[in-house]
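Student: My questions will all concern the structure given below.
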Ligand code: CMP
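Numbering (UniProt numbering), first residue to last: 1 to 139.
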């Protein structure tokens, strides 16, 4: 069954010139793009996107980081797209969890600056796509 996931290339990925590398990996896997946009993230959007982390000690730094520069926001599509992108991304901690061969395992060092975000469930994907791409949400 075709699925959609929200994918973000975070400010560190854009600043480090990793957009092409990350998009290339997504395309090589066989996923396609239903939408893609370079975007500056407002505090409002950041807070809504990360609402589930509001009580976490790192919430402030998370918001500061995601609003620190442009991100690439995309809707990635394909069979099991949510799990497929999470496999490509690797675990949240780029050193302890992400395996070599994954985006974070190969290219990142810190949990707070881990290059990409991908929706973690069908419910999150629906919520996040509605937030970032309201025109696409119902299609
Ligand atoms: P992401 O997939 O974007 O979802 C939540 C983000 O919070 C996560 O990636 C990390 O970048 C960040 N995060 C999770 N745990 C920590 C932590 N202990 N310290 C700093 N940032 C964190």
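We put the CB at the ideal spot given by N, CA and C, even for glycine.
A quick note: this is a predicted structure, and the numbers were derived from the prediction, not measured.
1) Quick check on residue 84: buried or exposed, where buried means 16 or more other Cβ atoms within 10 Å of its Cβ?
2) Does the distance from the CB of residue 73 to the CB of residue 39 come in under 8 Å?
3) Does the distance between the C-beta of residue 112 and the nearest non-hydrogen atom of ligand 1 fall short of 7 Å?
4) Closer than 7 Å to a non-hydrogen atom of ligand 1 - does that hold for the CB of residue 121?
5) Between the segment 93-101 and the segment 1-10, do at least 3 Cβ pairs fall closer than 8 Å?
6) Would you be able to state if there are at least three C-beta pairs under 8 Å between the segment 104-111 and the segment 120-128?
7) Could you check the C-alpha separation between residue 23 and residue 36 for me, to the nearest Å?
Tutor: On the basis of the data shown:
1) buried
2) yes
3) Answer for residue 112: yes, Cβ within range of ligand 1.
4) no
5) no
6) no
7) 10 Å
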